[in-house]
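Sequential numbering from 67 applies to the sequence shown in the working numbering. From the three backbone atoms N, C-alpha and C, an ideal C-beta is built for every residue, glycine too. Everything on this sheet refers to the single structure shown next.
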Amino acid sequence: MNKYESYQKTIVNKRIIFLFVTEWTKSYLLKTFSISLFFQGRIILAVVIK
Numbered sequence: 067m068n069k070y071e072s073y074q075k076t077i078v079n080k081r082i083i084f085l086f087v088t089e090w091t092k093s094y095l096l097k098t099f100s101i102s103l104f105f106q107g108r109i110i111l112a113v114v115i116k
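In structure tokens, the structure reads:
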């Protein structure tokens, strides 16, 4: 029973870590993506204004 319980805890911990990592990656990618979009938009605007 003890081995089984520790196994369950390991699974839960891995799941929590996985969720945390995916959430962090999502937010990081969104930030970098929006920043790159912002700079691309500024470059396009500069070209259009010229």
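Note down the Cα distance separating residue i from residue j, rounded to an integer number of angstroms.
| i | j | result |
| --- | --- | --- |
| S100 | V114 | 21 Å |
| S102 | N68 | 51 Å |
| L111 | F105 | 10 Å |
| I82 | I109 | 41 Å |
| Y94 | K80 | 21 Å |
| Y70 | T98 | 42 Å |
| Q74 | F84 | 15 Å |
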